[in-house]
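Read the structure below first, then the notes.
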Amino acid sequence: MPEDGSKPLVLIVDDNPTNLDVLVGALRKSYRLGIAKDGNKAIEFADTNQPDVILLDIMMPGMNGYDVCGELKQSERTRDIPVIFITALSAPEEKIRGFEAGGVDFITKPFYTPEVLARVNTHVSLKKLNESLGHQNIILEETVRKKTAALEEMLGATIETMALAVEIRDPYTAGHQERVAILACAIAKKMGLSGTQVNTIRFAGILHDIGKIRIPEAIINRPGKLLPLEREMIKIHPQIGYDLLKNIPFPWPIAEIVLQHHEKLDGSGYPRGLKGEAILKEARILTVADVTEAESSHRPYRPTRGIDSALREILSHRGTLYDTDAVNACRELFTKENFHFGDHSGLPGF
Ligand SMILES: [Fe+2]
Ligand SMILES: [Fe+2]
0 MPEDGSKPLV
10 LIVDDNPTNL
20 DVLVGALRKS
30 YRLGIAKDGN
40 KAIEFADTNQ
50 PDVILLDIMM
60 PGMNGYDVCG
70 ELKQSERTRD
80 IPVIFITALS
90 APEEKIRGFE
100 AGGVDFITKP
110 FYTPEVLARV
120 NTHVSLKKLN
130 ESLGHQNIIL
140 EETVRKKTAA
150 LEEMLGATIE
160 TMALAVEIRD
170 PYTAGHQERV
180 AILACAIAKK
190 MGLSGTQVNT
200 IRFAGILHDI
210 GKIRIPEAII
220 NRPGKLLPLE
230 REMIKIHPQI
240 GYDLLKNIPF
250 PWPIAEIVLQ
260 HHEKLDGSGY
270 PRGLKGEAIL
280 KEARILTVAD
290 VTEAESSHRP
300 YRPTRGIDSA
310 LREILSHRGT
320 LYDTDAVNAC
330 RELFTKENFH
340 FGDHSGLPGF
């Protein structure tokens, strides 16, 4: 019947027909009822029908109530069903044992039926409330997950647009930052850095030369070797990049990595001449990826050199200019794992 179908279901477990009659009389107006006369049937009924509350006798032939309750609490399908023990045992240690077995309440025989009804009502309400809270939590978590994904997608698109703004002025190095990001991420993964560090390197890689936006196009695109003064001018780009990025509240040190991407282990880099461990690990990895990509690609002032030449360059300065682990990882990627700059598999998703 539709009316009955909407009522909560209570399972009564008792081997005594008189007790069963009294309990059925007390509860049948308000609840749908299930009846089991021993422990095994009770467990079977609970597993199949998922009652809202179980009234459980303790002293029964076969399995006693404590064992029945313990078994119900072992199963994922029945562990959240509240169990109220209903028994002639009234000693405190019996009650403690009942609570330890996972029961939520105790009714002592001989019972007063309005009390049984009141307690069942309370536990059914609590269970419904818990279920509703759990459901709300799932909805809330899903909403947060969707919003976070949308924000991350927006952040990724914004960063890529910023990178494009600098590369649009510099057709010779178009895609350089993306390729450096891909290689740097693959190196970082190979070195066992965390997912967060790899993601940080990805963002820093995509943006690392953003400071070149302040360098005149005539210098960036000029064929032939740069003059000393022009080289000095190009050297300001890490600082400009840092100044552009430092006020964006990234939860990672993107601006600092961008600032350090031309530092060298021996202190001969710029802008601050940092040495060794004073340079962030992420920046040391980015440097290796940057040098490898730049050395292997075409530039307006020299012909394409290829990856072998690039690997020779980083290997010849391994441990002196460039991070040893990053150089080793980079070399393995190209020589043993057939790495290509177009291969995005090293990139973590947002
Ligand atoms: Fe750079
Ligand atoms: Fe670069």
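Each residue of the sequence shown is one higher than the one before, starting from 0 at the first, in numbering that gives the first Met the number 0. Don't be surprised by glycine CBs; every beta carbon is placed ideally from N, CA and C.
Assuming L33 is part of the beta strand (DSSP E), what are its boundary residues? According to the sequence shown, residue 33 is Gly rather than Leu. Where G33 is concerned, the enclosing beta strand (DSSP E) stretches over R31 to A35.
Any non-hydrogen atom of ligand 2 closer than 7 Å to V197 Cβ: no
Would you list, in sequence order, the uninterrupted alpha helix (DSSP H) runs of no fewer than 4 residues that lie entirely inside the stretch 237-324? 253-259, 280-295 and 306-315
Is any heavy atom in ligand 2 found nearer than 7 Å to the beta carbon of D169? no
Check whether the Cβ atoms of I57 and L71 sit closer than 8 Å, and answer yes or no. no
Here's the rule: buried if 16 or more other CB atoms are within 10 angstroms of the residue's CB, otherwise exposed. What is R283? By the neighbour-count rule (16 or more Cβ atoms within 10 Å), R283 is buried.
Tell me the DSSP bridge mates of I83? L54 and D104
Excluding five sequence neighbours on each side, which residues of the same chain lie with their C-beta closer than 7 Å to the C-beta of T323? R317
Straight-line gap, N120 to R76 (C-alpha atoms, nearest Å): Cα-Cα distance, rounded: 22 Å.
Beta strand (DSSP E) segment containing L8, residue limits: L8 to V12
DSSP-derived helix/strand/coil call for H343: Note that H343 scores 46 on pLDDT, short of 50, meaning its location in the model is unreliable; the coordinates nonetheless yield the value given after this. Three-state DSSP puts H343 in a helix.
Where does the unbroken alpha helix (DSSP H) through R118 begin, and where does it stop? T112 to E166
Just how far apart, CA to CA, sit Y321 and L264? 6 Å
Out of curiosity, what's the CA-to-CA distance linking T47 and P7? 15 Å
Check: D208 C-beta below 7 Å from any heavy atom of ligand 1: yes
For L244, tell me which candidate among S295, T157 and L192 has the shortest Cα-Cα distance. Of the candidates S295, T157 and L192, the one whose C-alpha sits nearest the C-alpha of L244 is T157.
Any heavy atom of ligand 2 within a distance shorter than 7 Å of the CB on A325? no
Is the beta carbon of A187 less than 8 Å from the beta carbon of Q196? In contact: A187 and Q196 (Cβ atoms closer than 8 Å).
Quick one: what does DSSP say F349 is sitting in, helix, strand or coil? Here the model assigns F349 a pLDDT of 32, short of 50, so the residue's position is not dependable and the matter cannot be decided.
Beta-carbon contacts of D289 that lie in its chain and below 7 Å, excluding the five residues immediately before and after: V179, H207 and H260.
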